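Residue 175 is where the sequence shown starts when you use our numbering, and the numbers rise one by one after that.
Data block below; observations after.
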Amino acid sequence: LKRRDMWEHTLFVFSSDNGGPMDANNYPLVGAKTNPYEGGVRLASFISGGLLPSSVRGTKQEGYMHLADWYATFCDLAGVSPADVPAAAYGLAP
């Protein structure tokens, strides 16, 4: 991407699935998929790219988030409204 001068217009998001299966070794975390312990909800993820503000590069987020939290961010970057009028007409949330 850098060689093709695309990096400055890139936001790369990697997010893992939540926790290992019940028979997996999630040590040192307790729990696994389908339960509320860290082994079931904590995961590895990272963000990179030229669109990432320099003020947050190299920082670590310790809080909670859900993949759906990205929707409004992606819509803003794409220059579109997060309101999905056709979906709302059928009673679906944006």
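No residue lacks a Cβ here, since even glycine has one placed at the ideal position from N, Cα and C.
On a predicted model such as this, the values are computed, not experimentally measured, just so you know.
- As the crow flies, the alpha-carbon of Thr247 is around 30 Å from that of Pro195.
- Under the three-state reduction of DSSP output, Val215 falls in the helix class.
- Secondary structure at Val187: strand, using DSSP grouped into helix, strand and coil.
- Per DSSP, the continuous alpha helix (DSSP H) segment holding Trp244 begins and ends at Trp244 to Ala252.
- Contact between Leu241 and Ser190 does not hold, since the beta-carbon distance rounds to 10 Å and is not under 8 Å.
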